[in-house]
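Peer 1: Pasting in a structure now, in C-alpha cells, and then I'll have a few things to ask.
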Amino acid sequence: MTPPEISLLDTARRDRIYTLAEARSFAFGDEVAEVFDDMISRSVPCYLESQLLISSLASQYYKPGTTVYDLGCSTGTSVALVAKRLRELSPQIVGVDSSGPMLQKAEKKLTALEVAGFIRLEQKSIEEVDFNASSLVLLNYTLQFLDLVAREELLKRIYASLVPGGALFLSEKTRCLDEQEGEIVRVLHEDFKRQHGYSDSEIAKKRESLKGVLVPLTPEQNEALLHKAGFERVVRVMQGYGFISWVAIA
Ligand SMILES: C[S@@+](CC[C@H](N)C(=O)[O-])C[C@H]1O[C@@H](n2cnc3c(N)ncnc32)[C@H](O)[C@@H]1O
-4 MTPPEISLLD TARRDRIYTL AEARSFAFGD EVAEVFDDMI SRSVPCYLES
46 QLLISSLASQ YYKPGTTVYD LGCSTGTSVA LVAKRLRELS PQIVGVDSSG
96 PMLQKAEKKL TALEVAGFIR LEQKSIEEVD FNASSLVLLN YTLQFLDLVA
146 REELLKRIYA SLVPGGALFL SEKTRCLDEQ EGEIVRVLHE DFKRQHGYSD
196 SEIAKKRESL KGVLVPLTPE QNEALLHKAG FERVVRVMQG YGFISWVAIA
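For the sequence shown, counting from 1, position 149 maps to 144 in the working numbering; every step adds exactly one.
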C-alpha cells in the first residue's frame, strides 16, 4: 500500500539540471528548488522513509508548549508531515532555511495542504536560530553543509534547547574510513541513481558539483559530535547505502 504521505512530495517537475549544464558548485537556488522533491527522492535512498520516521517521532516526542524545529526545511515536506500528525494539539512548528526559493516552494506546499497556520517559516542560517524550549529538532540532511566547528556549535545549542526526553533526528550522507569500503558503497549508490533514471554524465556532474559543498563525516565522527554536544543516548535508526539517520535523546 502506498503511504498517504507520498502525496506531500511535489515530483511533477523532473530534475534534468545536469543533462545539459556543466558541473558547477551546487547551490539551493531557483533551479534546484523547482525540482527539489524529485531530485532528493531519486538521489537519497530511503528519503521517503526518513519522512515517515519524522512523522512517528512527532507523535512520540512532541510535548505541548514546546516548539518543533526543522533546520534546513527545504520545500516543507517534514514540517507539513509534523503538522498533519500533531494537528489536534495545535503545535508550534518552525521551519528554517537560508534559501528563499526553497521557502517559496514550502509556502505553496503548506497552503495547499492546509497546514500553513501551524508553521512559521524563517529565512536565515540555521546557525542563527534563537531556540525556544523544544521537544523535537529535525536535521534531515542539512548538518552536512556546515563546516565542522559550526556543526559542533549547532548541536550543542540544539541539545541545550531540548527539554529532558526530547529528541533530535539527524540524517547525514556519510563516508567510510576505509577507501575500499567507501568505493563499494559509492558504486552501489551511483547505480541506485542510475536505476532512478539519472545518466552516467548527470551522476558525474552532480558528484563534481557537490565537492567541497557537502562534506560527509564517518558515522563514528557524527556519533562523536552528538555525544560531545551532550546526547547520551544515540540510536542509529536507519541506514540506506551510506545515508544514515540517528535519533539522539536529550
Ligand atoms: C538536503 S536539503 C534538506 C532536506 C530537507 N530537510 C528534507 O527533509 O526534505 C538541505 C537544505 O538545507 C538548506 N541549508 C543549507 N545550509 C544552510 C544553512 N547554513 N542555514 C539554513 N539552511 C541551510 C538548503 O537551502 C536546503 O534547503
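We put the beta carbon where it would ideally sit given N, CA and C, even for glycine.
Remember, it's a predicted structure, so these values are computed and weren't measured experimentally.
#1: For Arg19 and Glu26, what's the separation of their Cα atoms in angstroms?
#2: At the level of alpha carbons, what is the spacing between Glu215 and Ala224?
#3: Confirm the yes/no value for this check: CB of Ser2, any heavy atom of ligand 3, distance under 7 Å.
#4: Does at least one heavy atom of ligand 1 sit under 7 Å from the Cβ of Asn135?
#5: How far does the beta strand (DSSP E) with Pro159 in it extend, from its first residue to its last?
#6: When the Cα atoms are used, what is the spatial distance from Gly246 to Leu66?
#7: Assuming Tyr64 and Val89 make a contact with CB atoms under 8 Å, what is their CB distance in whole Å?
#8: When the Cβ atoms of the stretch 45 to 60 are set against those of the stretch 154 to 161, are three or more pairs found closer than 8 Å?
#9: Hey, which unbroken runs of the alpha helix (DSSP H) at 4 residues or more fall wholly within the stretch 95 to 152?
#10: Hey, which unbroken runs of the alpha helix (DSSP H) at 4 residues or more fall wholly within the stretch 42 to 79?
#11: Quick check: what's the CA-CA separation for Glu117 versus Gly95?
#12: Would Lys168 pass as a contact of Leu220 if the rule is Cβ separation under 8 Å?
#13: Do you know offhand how far Pro(-1)'s Cα is from Glu122's?
#14: For ligand 1, is there any heavy atom lying closer than 7 Å to the beta carbon of Val91?
#15: Which partner residues does Gly90 have in the DSSP bridge list?
#16: Would you give the residue range spanned by the beta strand (DSSP E) that Gly235 belongs to?
#17: Is the beta carbon of Phe21 sitting closer than 8 Å to the one on Ser156?
Peer 2: The relevant details are as follows:
#1: 13 Å
#2: 14 Å
#3: This structure simply doesn't include ligand 3; it includes ligand 1 instead.
#4: yes
#5: Looking at the DSSP string, the run of the beta strand (DSSP E) that includes Pro159 is Leu157 to Lys168.
#6: The chain is shown only over -4 to 245; residue 246 falls outside these bounds and no answer can be derived.
#7: Rounded, the Cβ-Cβ distance is 5 Å, consistent with contact.
#8: Three or more beta-carbon pairs separated by less than 8 Å link the stretch 45 to 60 to the stretch 154 to 161, which places the two stretches in contact.
#9: 95 to 107
#10: List check, alpha helix (DSSP H) in window: 42 to 56.
#11: Looking at the two C-alpha atoms, the distance is approximately 9 Å.
#12: no
#13: Summary for Pro(-1): the model assigns pLDDT 46, below 50, so the residue's position carries little reliability; its value from the coordinates is reported in the next sentence. Their backbone Cα atoms lie some 33 Å apart in a straight line.
#14: Within the cutoff, so yes.
#15: Asp65 and Leu116
#16: Counting along the chain, the beta strand (DSSP E) containing Gly235 begins and ends at Arg228 to Gly235.
#17: no
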